[in-house]
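Enquirer: All residue numbers for the sequence shown refer to the UniProt record's numbering, where the first residue is 1 and numbers rise by one. All C-beta atoms, glycine included, are put in the ideal place defined by N, C-alpha and C. As the structure is a prediction and not an experimental result, all values here were calculated from the model. Dumping the structure here so I can ask a few things about it.
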Amino acid sequence: MIKTHFRNCNLCEAMCGIRIETEDNTVLSIKGDTEDPFSKGFICPKAVALQDIQNDPDRLRQPLRRTDDGWQEISWQEALDFTAQRLTDIKNRFGRHSTGIYLGNPNVHNHGNMLHIRSLLKALGSRKRFSATSLDQLPHMLANLQMFGHQNLFPVVDIDNTDLFICIGANPVASNGSLMTAAGIEKRLKNIRARDGQVIVIDPRKTETSRVADEHLFIRPGTDVLLLLAMLYTVFEEQLTDSGHLGEILKGVETVRHHCHDYSPETVAEATGIPAQRIRLLSRQLAGTRRAALYGRMGVSTQAYGALCSWLIYCLNTLTGHLDSRGGLMFTLPAIDMISMGGRGSFGRYHSSVRQLPEFGGELPSAVLAEEMLTDSKEKIRAMVVVAGNPVLSAPNGSQLDQALEQLDFMVSIDSYITETSRHADIILPPTGPLERSHMDIIFPILAVRNTVKYSPPVFMPESGSLHDWEIFLQLAARLNNTGISARLRHRFDQRLGADGLAGLLLQLGPYGRTLPGSRIWGSWLEPLLNRLSSRNPLRRLWLNGAMNTQYRDLPKGLSLKYLQQHPHGVDLGPLQPILRQRLRTRDGQIQLAPQLYLDDLARVKTLLHPEPESGLKLIGRRHIRSNNSWLHNSHRLIKGKPRCTLMIHPQDARDHYIENDTLVDVVSTAGTVRIAAEITENIMPGVVSIPHGWGHHRSGVGWQTASANAGVSLNDLTDSQQVDLLSGNAVLNGVTVQIRPVSASTLKRSEPADTTYLD
Ligand SMILES: Nc1nc2c(c(=O)[nH]1)N[C@H]1C(S)=C(S)[C@@H](COP(=O)(O)OP(=O)(O)OC[C@H]3O[C@@H](n4cnc5c(=O)[nH]c(N)nc54)[C@H](O)[C@@H]3O)O[C@H]1N2
Ligand SMILES: Nc1nc2c(c(=O)[nH]1)N[C@H]1C(S)=C(S)[C@@H](COP(=O)(O)OP(=O)(O)OC[C@H]3O[C@@H](n4cnc5c(=O)[nH]c(N)nc54)[C@H](O)[C@@H]3O)O[C@H]1N2
Ligand code: SF4
Ligand SMILES: [Mo]
């Protein structure tokens, strides 16, 4: 029988509604859902990969155990028992911090994982927790915590209402938007221009996004901090500040003014590659446009000054009146409100044992993952749990991680494939596929340009005996932590509610949830009393959650899982509203513009003004519309076509190095060497080269056959785990210094004098 299902595509942040037609156990088609109030029918070419993953013969359906004769399928019971036994043995012998865990990006796209991972984390009890956060958005989260008082209080670009969008170090047309969930972003960008607004892209590469922009400015990788300081300098010098309606809750304006006074546009122009006059004009444009937003993403967060860049971007928006205001950066009010629940976040409570890098949100930077396994100290990680992650390809210095994982006493991967990472595991536990579980985005509504909510049931019933990720977590947790009445009660509670029950409960507790009888009346006198309590007080939290619904009185109420089931296309909860005063979680209720840690870190920036003469090129990454980090290369439909894993290089640099199109080039960094074909293009800044990340499937023993037949090389065999943003601990994945040399001299045309250093 032919059936139609509606749900969200869970592959990237954009939350596109899809319409899936199935017949029995087969997908017939995947199309955009035109009735989805958020995405309105938009999808990108990746959506069809959901079908490919569902049908993929390389996708694991049964647990695997590594033996001397290769992988062996074993039962779930045996796999879970064995895993728990090995982890318990190692914990008992070497202490709880001897087991580590890495959580990869797809966890965030899976509500069961987000809601139940804490059971497994608690049962492991280890401080050696890592995730893709420290390869990605950690600097933004640090700024959220320091300035707004909660690590998840993300300001989001109000893209549909802005008249000036300045985009630094992001390529939303290829990535479909990040920390800015906005299905159909290209159209939204074009709409800015259609209403006579402007889009300006600042990037070392002329990207897919710059093609739909009014203007593109090249910037030298890693110098954005200078540009941003100079923009702030101009805002103060030319008296362009306007703090709008937030004036009386801004703390530290004068301190910020004082700290940018060394960075006039004239001082930074040479280092950044952007003329001083253009920098001044940028500030005037930002300050002079009523609805404007300055936005930065991967290119500014995964570089040596990531934390400073995120802080400065928030400062600039705030001081020009674009925070919490229409068309600027605004805050969401999601149906499941993770901000009012749980802690605010943390930074620097403890440090990694080898390099002493700070904890953030209970995790250590992934750049120290390998060294924490390779150290001889008693803090050594001896066993690893990897959940939905492929750090060998996604964390810096993948080759070192390869070695580190290989020498562990025990490793388990919860993953559907034998990947570059899970090939090192002793046990692989494969969860149900993406269409075999229910889906509800609970993280991306925090980042979305409009408040919406949607729940979708599974498209296919999972194969009998298979387990969802969250069930694997609970099964392992129960085995690891089977003593103690509270652990057992909690297990029962979690198991009973499952992923959907817990989500449903949180919905009802959320700002659009159930209203308790009479709350309007008694809420109004309780409110001032509760407001006096600390934000950690459980009573206040309950109120903040909206359980009494006094705070968000005017919202539509009564949202429940049942209601969402009756509205399969999703429910629109309206545009973003100025709401920061209610959402702010700082202890003194003020926006902290000048936290001391940023002021201290500015000392590092001085050296950037007078850089040593460069002895190499700067390497940056890139994304392609038909890729998704390391794991969609097994879909033939997505990988076919011209090879995409190439070294982009400017014609001038190509000439200087005797390189032609398709010449094989050795790219050498402090971490390693890769060999890759050159792609000469004017679209990249002179002095800069680019390789996409997520490739390098040639490693022996991987199970994704289509991917390994189109292997490419891994950018992260060049990025160096020793290079981090020293303030936040975030990895430096962009702006890495490399040397290049052509491999085959036969392709050289020597029209210019030979630079013999590059010729073998
Ligand atoms: N040089 C460089 N490195 C980068 C980046 C860059 O721009 N440049 N980007 C960084 C960023 S932003 C990120 S987010 C990281 C991503 O890095 P990771 O999160 O480590 O890696 P992914 O490539 O997303 O791998 C996801 C794995 O999860 C598995 N998987 C998919 N869905 C599920 C599921 O539902 N359950 C389970 N159990 N497994 C699943 C896939 O099979 C795959 O093996 O990479 C980072 N690395
Ligand atoms: N198709 C596709 N979509 C994806 C993903 C994917 O792998 N493929 N991954 C998803 C994930 S996990 C994430 S986090 C998002 C990321 O989303 P984005 O941040 O939008 O994506 P990137 O392509 O990494 O954009 C970073 C840009 O920064 C530029 N850049 C590099 N170095 C510098 C620098 O020093 N200064 C400046 N100003 N710019 C610099 C790069 O040229 C690049 O254009 O994408 C998500 N969406
Ligand atoms: S942009 Fe593409 S991958 Fe992202 S959610 Fe939409 S259809 Fe899925
Ligand atoms: Mo990411």
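So the beta strand (DSSP E) Cys-167 belongs to, where does it begin and stop?
Expert: 164 to 168
Enquirer: My parser needs the beta strand (DSSP E) runs of 3 or more residues fully inside the segment 266 to 334; what are they?
Expert: 292 to 296
Enquirer: Helix, strand or coil: how does DSSP classify Lys-187 here?
Expert: helix
Enquirer: Kindly examine ligand 3 and report whether one of its heavy atoms sits closer than 6 Å to the Cβ of Ile-30.
Expert: no
Enquirer: Would Met-114 be called buried (16 or more neighbouring beta carbons within 10 Å of its own) or exposed?
Expert: Met-114 is buried by the Cβ-count criterion.
Enquirer: What residue range does the alpha helix (DSSP H) around Trp-631 cover?
Expert: Run containing Trp-631: none; DSSP gives neither H nor E here.
Enquirer: Could you check what DSSP says for Lys-378 in three-state terms: helix, strand or coil?
Expert: In the structure shown, Lys-378 sits in coil (DSSP, three-state: anything other than H, G, I, E or B).
Enquirer: Tell me the start and end of each unbroken alpha helix (DSSP H) in the segment 628 to 698 that is at least 4 residues and wholly inside, in chain order.
Expert: 636 to 639 and 651 to 656
Enquirer: Quick one: residues in its chain with C-beta nearer than 8 Å to the C-beta of Leu-357, no 5 flanking neighbours on either side, listed in chain order?
Expert: His-351, Leu-364, Pro-365, Ala-367, Val-368, Val-724 and Gly-729
Enquirer: Taking 6 Å as the cut-off, is the C-beta of Lys-454 nearer than that to any heavy atom in ligand 3?
Expert: no
Enquirer: Does Tyr-102 come out as helix, strand or coil in the three-state DSSP assignment?
Expert: In the three-state reduction of the DSSP assignment, Tyr-102 falls in the strand class, which pools E and B.
Enquirer: Please state the DSSP three-state secondary structure of Thr-207.
Expert: coil
Enquirer: Restricting to runs no shorter than 4 residues, where is the alpha helix (DSSP H) found entirely within the segment 103 to 141?
Expert: 111 to 124
Enquirer: For Ala-711 and Trp-695, I'd like the C-alpha separation in whole angstroms.
Expert: 6 Å
Enquirer: Taking all protein chains shown into account, decide if Leu-429 is buried (16 or more other Cβ within 10 angstroms of its Cβ) or exposed.
Expert: buried
Enquirer: Between Ala-307 and the rest of its own chain, which residues show a CB-CB distance below 6 Å, the 5 nearest in sequence each way excluded?
Expert: Close CB contacts of Ala-307 within its chain, under the 6 Å cut and outside five residues either way in sequence, are with Pro-139, Leu-142, Asp-725, Leu-727 and Ser-728 (chain order).
Enquirer: State the start and end residues of the unbroken alpha helix (DSSP H) segment that holds Ile-18.
Expert: Taken as a continuous stretch (DSSP letters only), Ile-18 belongs to no alpha helix (DSSP H), being part of the beta strand (DSSP E) at 17 to 23.
Enquirer: Which of helix, strand or coil does DSSP assign to Arg-65?
Expert: strand
Enquirer: Are the CB atoms of Val-354 and Thr-375 nearer to each other than 7 Å?
Expert: yes
Enquirer: Is the segment 278 to 292 in contact with the segment 159 to 177, if contact means three or more CB pairs nearer than 8 Å?
Expert: With the cut-off at 8 Å, the segment 278 to 292 and the segment 159 to 177 touch.
Enquirer: Using DSSP with H/G/I as helix, E/B as strand and the rest coil, what is Arg-604?
Expert: helix
Enquirer: Under the criterion of a Cβ to heavy atom distance below 6 Å, does Asn-110 qualify as lining ligand 4?
Expert: no
Enquirer: What span of residues does the alpha helix (DSSP H) with Ser-366 cover, start to end?
Expert: Here Ser-366 belongs to no alpha helix (DSSP H), and DSSP marks it neither H nor E.
Enquirer: What is the rounded straight-line gap between the Cα of Asp-24 and the Cα of Lys-640?
Expert: 29 Å
Enquirer: Since Gly-389 contacts Leu-103 with CB under 8 Å, what's their CB separation in whole angstroms?
Expert: 6 Å
Enquirer: Could you confirm whether any beta carbon from chain D is found closer than 7 Å to the beta carbon of Leu-509?
Expert: This model lacks chain D altogether; it includes just one protein chain.
Enquirer: What is the residue span of the beta strand (DSSP E) that Val-412 lies within?
Expert: 410 to 414
Enquirer: Which stretch, first to last residue, makes up the beta strand (DSSP E) that contains Phe-6?
Expert: Unbroken beta strand (DSSP E) run through Phe-6: 2 to 8.
Enquirer: If I follow the unbroken alpha helix (DSSP H) through Met-231, where does it start and stop?
Expert: 224 to 237
Enquirer: For ligand 1, is there any heavy atom lying closer than 6 Å to the beta carbon of Ile-339?
Expert: no
Enquirer: Considering only the beta carbon of each residue, do Met-338 and Thr-181 sit closer than 7 Å?
Expert: no
Enquirer: Verify whether the separation of the beta carbon atoms of Arg-637 and Val-253 is less than 7 Å.
Expert: 7 Å or more divides the Cβ of Arg-637 from the Cβ of Val-253.
Enquirer: My guess is that Ile-185 and Val-173 are in contact by the Cβ rule of under 8 Å, so how many angstroms apart are they, rounded?
Expert: The beta-carbon separation of Ile-185 and Val-173, rounded to 7 Å, stays under the 8 Å limit for a contact.
Enquirer: Using a threshold of 6 Å, is the CB atom of Asn-105 nearer than that to any non-hydrogen atom of ligand 4?
Expert: Yes, the beta carbon of Asn-105 sits closer than 6 Å to at least one heavy atom of ligand 4.
Enquirer: If we count the other Cβ atoms within 10 Å of its Cβ and call it buried at 16 or more, is Glu-682 buried or exposed?
Expert: Glu-682 comes out exposed.
Enquirer: Taking the alpha-carbon positions, what's the Leu-748 to Gly-321 distance?
Expert: Residue confidence is low: Leu-748 scores 42 on pLDDT, short of 50, so the model does not pin down where it sits. Its coordinate-derived value is still stated next. Using only the alpha carbons, I get a separation of about 55 Å.
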